[in-house]
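Line by line, the protein sequences are chains A and B. Just so we're aligned, residue 60 is where the first sequence starts under my numbering, counting upward by one. Just so we're aligned, residue 28 is where the second sequence starts under my numbering, counting upward by one. Worksheet: one structure, shown below.
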Amino acid sequence: MISEEYRGTQQWSRDKQAVFTVVWISFLVAALGTMVFFAIFDPVDLTGIFDQDLDIGRDAGYAAGFFFFWVLCAICSGITAYLVRTAPKRKAKRRDQ
Amino acid sequence: MSNPDSASMYASAKKIYPREIDGRFANLSKIATVVLLGLFYAVPWFNWDERQAVLFDLPARKFHILGLTLWPQDFPYLAMLLMIAALTLFFFTALAGRLWCGFACPQTVWTEIFIWMEQWTEGKRSQRMKLDQAPWSWNKLRRKGSKQLLWITFSMWTGFTFVGYFTPIRGLGSEIITLSVGGWTLFWGLFYGFATYGNAGYMREQVCKYMCPYARFQSAMFDKDTLIISYDEERGEPRGGRKRSVDPQEAGLGDCIDCQLCVQVCPTGIDIREGLQYECIACAACIDACDSIMDKMNYPRGLVRYTTEHALHHEGTRVLRPRMFVYATILLFLIAGLTTSMATRTPIILDVIRDRNMLYREMPGNVIENAYTLKVINQSEEPRTFALSVTGIEGISLDGVGDTITVDGGGVLSVPVRARAHRDNAYGIMTIQFNVAAVDDEGVALSEDSRFLGPTP
Chain A
60 MISEEYRGTQ QWSRDKQAVF TVVWISFLVA ALGTMVFFAI FDPVDLTGIF
110 DQDLDIGRDA GYAAGFFFFW VLCAICSGIT AYLVRTAPKR KAKRRDQ
Chain B
28 MSNPDSASMY ASAKKIYPRE IDGRFANLSK IATVVLLGLF YAVPWFNWDE
78 RQAVLFDLPA RKFHILGLTL WPQDFPYLAM LLMIAALTLF FFTALAGRLW
128 CGFACPQTVW TEIFIWMEQW TEGKRSQRMK LDQAPWSWNK LRRKGSKQLL
178 WITFSMWTGF TFVGYFTPIR GLGSEIITLS VGGWTLFWGL FYGFATYGNA
228 GYMREQVCKY MCPYARFQSA MFDKDTLIIS YDEERGEPRG GRKRSVDPQE
278 AGLGDCIDCQ LCVQVCPTGI DIREGLQYEC IACAACIDAC DSIMDKMNYP
328 RGLVRYTTEH ALHHEGTRVL RPRMFVYATI LLFLIAGLTT SMATRTPIIL
378 DVIRDRNMLY REMPGNVIEN AYTLKVINQS EEPRTFALSV TGIEGISLDG
428 VGDTITVDGG GVLSVPVRAR AHRDNAYGIM TIQFNVAAVD DEGVALSEDS
478 RFLGPTP
């Protein structure tokens, strides 16, 4: 029997797990997405699409792209995590009552 | 689970105080930390031909790696490199378990360094636990304060180094001294610094347990011949305390003296004696811990050791197995592919954009004309002169451009051109080739296909 003092049981609550996992995984995927996206498209070329007069530099373009991907991925995996966790449980067997 | 501890599954959120341990694997881990982080912090300071040796120049959309300059068009190389990295990871995981997690993952090495700083300021495990429980005092404030000072300074330096891979680091250094750092540079530096501080200072192995996708699916690479860290149950059980003078066999005991040291040193807070658990990052701290006890007891080392499931069950371990051949073959193909394509890479890029506003134009003298824009990128460092030509239709010629064009080193030149062919030869949709060749070196040449439209015959 291992005393609790020795066993440093650090357990995150399920909510904390979900929030941090969603933030972290969407961060990683956004980083990958940003890399692929901007390898193909130059932010300077893209700004012209939205507004001819819009003139933000590449630095700001990359940052905007990254945060766009991050938020998008976070919404996606956040909703997925929420739905999976709040789904009605399958009943193992019917109970009388 | 009959384990009475299971009540703590979500009730407690105790902090883990990993106990420090010396030994073979601790030394290996120290070496890995110093080498890997040393590289991270040192590489941006090296120069190559008046230029930072490794610089991912995002504003200019060019990556400089030693003598090599990569362009956005070279993205397939990066993709291949990532695939090679992933397969290397699979290969070594199948062979030797979570080597990556235990010794090379940034999360592990930065956590290691942050723990060192914690130990310098707050002392050993027992001192840290006492300090946390003690009421605030001058001593506690001093120790906690100096830890934070070290952590924050180190995180800032990390953020600065990270940004230094994207902005020339020497210039960045003087910008910081004169307080003229650009907004985004400052933002990303702080962002990365803060992420390091949070991940390595506070979240630590919780990242591995809860947030790391690789930690969850790496078991797919495991089989019974994979090197794992395991407790030899057969030899250790029944565990129990005893005096050094007691002969365990006479006392009916195994070699495990139940000293709990392997649990205390574990950074993820698991008990290796319960078998292979996904929380185990294979840092091997428990091996060092157990070996030190076995030495003290005069028992042979290796009650907790690197072994395989097959070896534990007295079956032979096979290193050469189909899985290893599959990973190795794919890996070799990818490496060979990357090397060949890098070696035969021509330092020019030619993009042909056909003028979409016009199908074709009929010119006097039964000549059909199509318009294009050629984008020629010179990937070498010096200005270069190229010969342009067009082929694919009998008698086709270029108009609107001289015989040669000169492009600056690392520059892009857009050339509007018209291709002309006689009506007898040009009908329907035909494929033509634009050719560009360096005047000074015949080997540096490239062809790009495009379409030539003519009237329907």
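Ideal Cβ positions, reconstructed from N, Cα and C, are used throughout, including at glycine.
Across which residues does DSSP place residue i in a beta bridge pair?
i, result
"B/Leu330", "Note: B/Leu330 sits in no beta bridge, so no partner."
"B/Thr96", "B/His91"
"B/Met390", "B/Val394"
"B/Asn462", "B/Ser416 and B/Ser474"
"B/Asp378", "B/Lys402"
"B/Met457", "B/Phe479"
Is the Cβ-Cβ distance between residue i and residue j less than 9 Å?
i, j, result
"B/Gln460", "B/Ser474", "yes"
"B/Gln401", "B/Ile423", "As written in the sequence, residue 401 of chain B is Leu, which differs from the Gln given in the question. Not in contact: B/Leu401 and B/Ile423 (Cβ atoms no closer than 9 Å)."
"A/Gly92", "A/Phe128", "yes"
"B/Leu122", "B/Thr334", "no"
"B/Phe102", "A/Ala98", "yes"
"B/Phe221", "B/Gly186", "yes"
"B/Ala316", "B/Leu288", "yes"
"B/Pro482", "B/Arg447", "no"
"B/Leu361", "B/Met107", "yes"
"B/Glu202", "B/Gly209", "yes"
"B/Asn397", "B/Met385", "yes"
"B/Gly216", "B/Phe189", "yes"
"B/Gln79", "B/Arg155", "no"
"B/Thr458", "B/Arg478", "yes"
"B/Gly437", "B/Lys89", "yes"
"B/Tyr241", "B/Ile179", "no"
"B/Glu336", "B/Ile43", "no"
"B/Met144", "B/Phe119", "no"
"B/Leu365", "B/Ile111", "yes"
"B/Arg243", "B/Tyr305", "yes"
"B/Arg170", "B/Thr148", "yes"
"B/Leu358", "B/Leu105", "no"
"A/Phe96", "A/Gly124", "yes"
"A/Asp118", "B/Thr212", "yes"
"B/Trp75", "B/His91", "yes"
"B/Gly329", "B/Asp318", "yes"
"B/Thr295", "B/Lys251", "no"
Got a sec? Which residues, its chain only, sit under 8 Å from residue i by beta carbon, not counting five neighbours each side?
i, result
"B/Pro31", "Because B/Pro31 carries a pLDDT of 41, less than 50, the predicted location of this residue cannot be relied on, and no value is offered for it."
"B/Leu55", "Phe130 and Ala311"
"A/Lys75", "none"
"A/Gly67", "At A/Gly67, the pLDDT of 45 sits below 50, so the modelled position is not reliable; the number obtained from the coordinates is stated separately. Excluding positions up to five away in sequence, the list is empty."
Shorter than 8 Å, the distance from the beta carbon of residue i to the closest heavy atom of the ligand GTP, or not?
i, result
"B/Val70", "Ligands in the displayed structure: none, and consequently the ligand GTP is not present."
Short of 6 Å in beta carbon distance, which residues of its chain neighbour residue i, apart from the five on each side in sequence? Order them along the chain.
i, result
"B/Thr356", "none"
"B/Phe117", "Met248 and Tyr354"
"A/Gly120", "Pro102"
"B/Tyr219", "Gly186 and Phe189"
"A/Ala77", "Ala140"
"B/Cys283", "Gly263 and Arg266"
"B/Leu97", "Phe90"
With a CB to CB cut of under 7 Å and the five nearest residues on each side skipped, what residues in its chain are close to residue i?
i, result
"B/Val234", "Gln134 and Asn226"
"B/Ala59", "Phe130, Ala131 and Val136"
"B/Val292", "Pro45, Arg46, Ile48, Ala312, Cys313 and Ala316"
"A/Glu63", "Here A/Glu63 scores only 44 on pLDDT, less than 50, and its place in the model should not be relied on; the value that follows carries that caveat. Closer than 7 Å at the Cβ level, and outside the excluded window around A/Glu63, lies no residue."
"B/Ala453", "Ile395, Ile420, Phe479 and Gly481"
"B/Gly281", "Arg262, Gly263, Glu264, Pro265, Arg266 and Pro275"
"B/Asn2", "The structure shown does not extend to residue 2 of chain B, since chain B is modelled only from 28 through 484, so no value can be given for it."
Spell out whether any CB of chain C is found under 9 Å from the CB atom of residue i.
i, result
"A/Ile84", "The structure shown contains no chain C; its protein chains are A and B."
What runs of the alpha helix (DSSP H), each 4 residues or longer, lie entirely inside the stretch 38–91 of chain B? Counting only runs of 4+ residues, the alpha helix (DSSP H) found wholly inside the stretch 38–91 of chain B occupies 51–69, in chain order.
List, from N- to C-terminal side, the alpha helix (DSSP H) runs of 4 residues or more that fit wholly inside the stretch 119–162 of chain B. Taking only runs of at least 4 residues, the alpha helix (DSSP H) segments lying wholly in the stretch 119–162 of chain B are 133–149 and 152–160.
Counting only runs that start and end within the stretch 410–450 of chain B, where is the beta strand (DSSP E) found for 3 or more residues in a row? 411–418, 424–426, 431–434 and 439–449
Whole alpha helix (DSSP H) runs in the stretch 188–242 of chain B with 4 or more residues, listed along the chain? Complete alpha helix (DSSP H) runs here, min 4: 196–204 and 210–223.
Tell me the start and end of each unbroken beta strand (DSSP E) in the stretch 255–297 of chain B that is at least 3 residues and wholly inside, in chain order. If you keep only unbroken beta strand (DSSP E) runs of at least 3 residues inside the stretch 255–297 of chain B, you get 255–258.
For the stretch 402–410 of chain B against the stretch 419–434 of chain B, do three or more pairs of beta-carbon atoms, one drawn from each stretch, fall closer than 8 Å, so that the two count as touching? yes
Would you check if the stretch 256–263 of chain B and the stretch 298–311 of chain B touch, i.e. whether three or more CB-CB distances between them fall below 8 Å? yes
Assess, as a yes-or-no matter, whether the stretch 462–478 of chain B is touched by the stretch 368–376 of chain B under the definition of 3 or more beta carbon pairs within less than 8 Å. The stretch 368–376 of chain B is in contact with the stretch 462–478 of chain B.
For the stretch 67–86 of chain B and the stretch 193–200 of chain B, state whether three or more C-beta atom pairs, one from each stretch, are separated by less than 8 Å. Flag = yes, the stretch 67–86 of chain B and the stretch 193–200 of chain B touch.
If we count Cβ pairs, one from each stretch, closer than 8 Å, do we get three or more for the stretch 74–90 of chain A versus the stretch 129–138 of chain A? yes
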